[in-house]
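Asks:
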Amino acid sequence: MNDTAERKLILCHLWVAFAAFIVACFMGEYQVLERSGLLPALESPTVYFASVSTHGVLMAFVLTTFFIMGFGYALASSSLKQPIWNKPLAWGAFWLALVGVVLAAVPLLLGKASVLYTFYPPMVGHAAFYLGATLLVIGSWIWCAIMLVMFTQWKTANPTKNVPLAMFATAANALLWLWASAGVALEVLFQLIPLSLGWIDTIDPGLARTLFAWTLHPIVYFWLIPAYTAFYVFVPKQAGGFLFSDEMARMAFIVLAVFALPIGFHHLYMDPEQASGWKLLHGIGTFVVALPTLVTGFTVIASLEIAGRLRGGKGLFGWIGTLPWGNTMVLAVILSLLMLIFGGFGGIVNASYAMNAMVHNTAWVPGHFHLIFAGTTVIMYFAIAYYLWPLLLRKPLFSNQLALLQLWTWFIGMSILTTPWHVLGLLGQPRRISTVVYNNLLTLAWKPYELMMIFGGLILLGSACLLIYNLVKTQVTPYAGQFTDEIDYAEPIHKVGVLPEYLNGLTVWNKVIAVLMALSFGFPILQFFFMDTFGSSAWGN
Ligand code: HAS
Ligand code: CU
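What follows is the structure in structure tokens.
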């Protein structure tokens with residue numbers, strides 16, 4: 001990463017990501033306060049839903065997309081050791097996406113697009129919101145194209161070599177996102193934009209939800225893959241050891257990319273528009289996509305064990321103590337895996353067709369995804385930022401101690417926030433609500449958990465401020481010494497021979513995805529065009 005212009009490109013993406021993140025954190029704390037019903041002065045469903053929609057969009061779409069783009073550029077240029085292809089185009093994508101974010105933010109903040117981040121119709125927001133989201137997605141598509149061009153060009157120039165693992169994972173994620181985003185793109189282009197502009201009078205929510213489900217599951221793996229990439233390509237080296245298996249890592253990324261796509265109906269188990277047989281098929285696929293996570297858990301823990309033993313750890317668990325807990329990347333991966341245990345368990349409960357009825361549309365679901373997304377995934381975004389900031393700025397991190405404190409407080413805060421959320425779900429509290437004033441014994445039982453959530457949220461907010469403080473301080477503190485800008489990639493413990501094409505290329509997997517998508521979504525979408533449907537008129541805003 002020795003090109004100043006490239007470092008600037010990467011840094012700009014990451015700053016947009018973290019700026020969105022910190023704004024959204026403040027909104028999150030307001031939301032737990034408002035929902036608790038403990039401060040009557042704060043209560044306003046209008047403000048609440050404007051806030052929760054903005055919070056969701058900023059975290060799920062802006063933080064993630066900009067972070068993934070910036071990190072992807074860093075991995076591509078450093079692992080392939082070649083400049084980013086077509087930098088003007090990359091800047092074009094950045095500005096397009098940023099203009100999209102601003103365009104969407106205006107109606108969101110004015111309460112004119114309070115349709116939540118899943119924008120389920122027949123709720124409809126201002127057209128500027130959908131246009132802004134479209135620009136953001138087009139920006140991300142350009143990034144995908146740049147990644148896939150770099151991947152293909154390098155392969156053609158180096159026919160006898162294996163594509164570096166970091167680039168393989170990034171290209172797999174780009175391919176996954178191109179396929180994933182097509183569902184919501186169809187929904188927005190053919191349903192939501194025409195409805196919001198008044199070109200059509202009614203909308204079919206069943207079709208819209210089916211198209212959104214096409215995107216909703218793979219998008220969570222689009223967010224997760226950068227975290228797993230850091231698990232495989234950074235953590236083993238940072239821990240002082242080796243990657244347990246390069247081939248297993250590739251296999252995990254392939255299964256994630258292929259099987260994340262055809263399984264979205266686990267978000268529709270309780271919806272009427274699809275038949276139960278299709279839901280069951282998607283449900284089975286959901287269990288398949290849990291496998292690469294188990295493989296990842298195994299490989300990463302094995303890599304940590306190798307490092308711990310090389311550092312002198314003995315006995316069954318002695319290696320854990322000898323790991324460098326003061327290294328931000330190592331601490332983050334341990335905390336991330338700990339959150340994955342319960343976050344993943346919650347996912348398995350959700351995915352179990354019958355049990356889904358118990359938790360669907362309750363507070364359990366935001367509990368699940370805050371733990372596994374904001375916890376497991378985003379804590380790795382922090383660790384990646386702590387690792388990249390010094391390389392991008394060529395100076396040391398302002399404070400490693402503060403960074404460690406920040407990671408611990410994020411873990412503690414997220415555990416305190418999400419445990420009551422799971423319990424509240426089991427106690428029957430619906431999700432997507434502002435204050436509930438049933439005023440009976442049921443809601444009284446919710447109160448202590450609401451208090452805990454406010455406390456957890458406060459710890460998280462403090463932690464988020466620490467992150468920003470450390471990154472800003474690193475940026476503004478002058479430094480005159482020498483500093484490396486090279487990413488130090490992990491080596492596999494066994495040297496990898498020449499890999500077969502299916503572990504080194506994506507063409508064949510692209511075809512597999514096409515077949516699986518046609519099988520899993522073809523009929524369920526086409527059926528809408530062959531039956532009488534009665535659209536719903538738009539509501540809201
Ligand atoms: Fe999920 C809903 C199922 C993973 C995000 N999920 C959501 C929503 C989001 C989300 C945002 O089937 C809400 C959407 C909305 O707004 O409506 N999810 C799953 C399953 C998994 C899963 C089966 N989800 C994720 C990830 C996310 C994410 C990852 C973001 C990054 N999810 C669902 C379902 C719903 C759902 C239903 C719909 C619910 C409803 O009704 O609406 C799996 O991929 C999880 C697999 C993970 C495991 C855990 C393995 C544990 C390991 C850790 C080992 C560590 C150790 C500790 C032993 C099975 C590998 C080591 C310690 C040391 C010290 C070294
Ligand atoms: Cu899902």
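So the sequence shown is residues 1 to 541, counted in my numbering.
Beta carbons are placed, not taken as given, at the ideal position from N, Cα and C, and that holds for glycine.
Is it right to say SER276 is buried, meaning 16 or more other beta carbons lie within 10 angstroms of its own, or is it exposed?
Replies: Counting from one through the sequence shown, the residue named residue 276 turns up at place 276. It is exposed - the Cβ of SER276 has fewer than 16 other Cβ atoms within 10 Å.
Asks: Do you know how far the Cα of ALA180 is from the Cα of GLN82?
Replies: Position 82 of the sequence shown, counted from the start, is the residue given in the question as residue 82. Position 180 of the sequence shown, counted from the start, is the residue given in the question as residue 180. Near 28 angstroms, if we compare the C-alpha coordinates of ALA180 and GLN82.
Asks: Using DSSP with H/G/I as helix, E/B as strand and the rest coil, what is ILE203?
Replies: Working through the sequence shown from its first residue, we reach residue 203 at position 203. Strand.
Asks: When the Cα atoms are used, what is the spatial distance from ARG543 to ALA74?
Replies: The chain is shown only over 1 to 541; residue 543 falls outside these bounds and no answer can be derived.
Asks: How big is the Cα-Cα spacing for ASN327 and PHE382?
Replies: Taking the first residue of the sequence shown as 1, we reach residue 327 at position 327. Taking the first residue of the sequence shown as 1, we reach residue 382 at position 382. Each residue's Cα considered, the two are about 13 angstroms apart.
Asks: Who pairs with SER537 in a beta bridge, going by DSSP?
Replies: Counting from one through the sequence shown, the residue named residue 537 turns up at place 537. Paired residue(s): THR202.
Asks: Within 8 angstroms: the Cβ of THR377 and any heavy atom of the ligand CU?
Replies: Along the sequence shown, read from residue 1 onward, the residue named residue 377 stands at position 377. Result no, Cβ not under 8 angstroms from the ligand CU.
Asks: Apart from the five residues on each side of it in sequence, which residues of its chain come closer than 8 angstroms, Cβ to Cβ, to LYS155?
Replies: Walking along the sequence shown from the start, residue 155 turns up at place 155. The answer, listed in chain order, is VAL163, ASN504, GLY505.
Asks: Compute the Euclidean distance between the alpha carbons of ILE138 and PHE129, then round it to the nearest angstrom.
Replies: Locating residue 138 in the sequence shown gives position 138, counting from the first residue. Locating residue 129 in the sequence shown gives position 129, counting from the first residue. Roughly 14 angstroms between the two C-alpha positions.
Asks: Give every residue of the same chain whose Cβ lies closer than 7 angstroms to the Cβ of LEU424, excluding the five residues on either side of it in the sequence, and list them in chain order.
Replies: Here residue 424 corresponds to residue number 424 of the sequence shown, with the count starting at 1. Correct list, in chain order: ALA363, TRP446, TYR449.
Asks: Measure the C-alpha to C-alpha separation of TRP214 and ALA113 and round it to an integer number of angstroms.
Replies: For the purposes of this step, residue 214 is taken as residue 214 along the sequence shown, with counting starting at 1. For the purposes of this step, residue 113 is taken as residue 113 along the sequence shown, with counting starting at 1. Going from the Cα of TRP214 to the Cα of ALA113 covers about 22 angstroms.
Asks: Do VAL295 and VAL333 have their C-beta atoms within less than 9 angstroms of each other?
Replies: Numbered from its first residue, the sequence shown carries residue 295 at position 295. Numbered from its first residue, the sequence shown carries residue 333 at position 333. Taking 9 angstroms as the Cβ cut-off, VAL295 and VAL333 do not qualify as a contacting pair.
Asks: Ignoring anything shorter than 4 residues, give me the alpha helix (DSSP H) runs that lie fully in the segment 105-160, in order along the chain.
Replies: The qualifying runs are 127-157.
Asks: In the structure shown, what three-state DSSP assignment does THR484 receive?
Replies: To locate residue 484, count along the sequence shown from 1; it is residue 484. Coil, per DSSP.
Asks: Pairing CB atoms from the segment 476-493 with CB atoms from the segment 449-459, are three or more of them under 8 angstroms?
Replies: Short answer: they don't touch.
Asks: Measuring straight from C-alpha to C-alpha, what distance separates HIS54 and LEU108?
Replies: Taking the first residue of the sequence shown as 1, we reach residue 54 at position 54. Taking the first residue of the sequence shown as 1, we reach residue 108 at position 108. Inspection of the sequence shows that residue 54 is occupied by Thr rather than by His. Taking the straight line joining both Cα atoms gives about 6 angstroms.
Asks: Can you tell me whether LEU243 is helix, strand or coil according to DSSP?
Replies: Mapped onto the sequence shown, residue 243 falls at position 243. LEU243 falls in the strand class under three-state DSSP.
Asks: What do you reckon, is the C-beta of LEU224 under 8 angstroms from a heavy atom of the ligand HAS?
Replies: On the sequence shown, residue 224 is found 224 positions in, with the first residue counted as 1. Within the cutoff, so yes.
Asks: Taking the alpha-carbon positions, what's the ILE567 to GLN238 distance?
Replies: The chain is shown from 1 up to 541; residue 567 falls before or after that span and cannot be answered.
Asks: What residues match up with PRO492 in a beta bridge as DSSP calls it?
Replies: Reading the sequence shown from its first residue, position 492 is the one you call residue 492. DSSP, once it has assigned bridges, lists LEU243 as partnering PRO492.
Asks: Please indicate yes or no: does the CB of THR286 lie closer than 8 angstroms to some heavy atom of the ligand HAS?
Replies: For the purposes of this step, residue 286 is taken as residue 286 along the sequence shown, with counting starting at 1. THR286 Cβ: within cutoff of the ligand HAS.
Asks: By how many angstroms is the C-alpha of TRP141 removed from the C-alpha of ILE200?
Replies: For the purposes of this step, residue 200 is taken as residue 200 along the sequence shown, with counting starting at 1. For the purposes of this step, residue 141 is taken as residue 141 along the sequence shown, with counting starting at 1. Near 28 angstroms, if we compare the C-alpha coordinates of TRP141 and ILE200.
Asks: Going along the chain, which residues of its own chain have a beta-carbon closer than 6 angstroms to the beta-carbon of PRO324, five neighbours each way excluded?
Replies: For this step, residue 324 is matched to residue 324 along the sequence shown. The answer, listed in chain order, is VAL330.
Asks: For the alpha helix (DSSP H) that SER313 lies in, which residues bound it at each end?
Replies: By 1-based counting over the sequence shown, the position of residue 313 is 313. Here the sequence assigns Gly to residue 313, which means Ser is not the residue at that position. Counting along the chain, GLY313 falls outside any alpha helix (DSSP H), and DSSP gives it neither H nor E.
Asks: Measuring alpha carbon to alpha carbon, tell me which residue in PRO430, TRP15, ALA20, ALA93 is nearest PHE61.
Replies: As a working note, residue 61 is residue 61 in the sequence shown. Considering only alpha carbons, the answer is ALA20.
Asks: Quick check: is any heavy atom of the ligand CU less than 8 angstroms from the C-beta of ILE263?
Replies: To locate residue 263, count along the sequence shown from 1; it is residue 263. True, at least one ligand heavy atom lies under 8 angstroms from that Cβ.
Asks: Let's see if you can read the secondary structure: which residues bound the alpha helix (DSSP H) around GLN429?
Replies: Reading the sequence shown from its first residue, position 429 is the one you call residue 429. Premise fails: GLN429 is in no alpha helix (DSSP H) and is neither H nor E.
Asks: In this structure, does DSSP put THR362 in helix, strand or coil?
Replies: What you label residue 362 is simply residue 362 of the sequence shown in a count that begins at 1. It is a strand residue.
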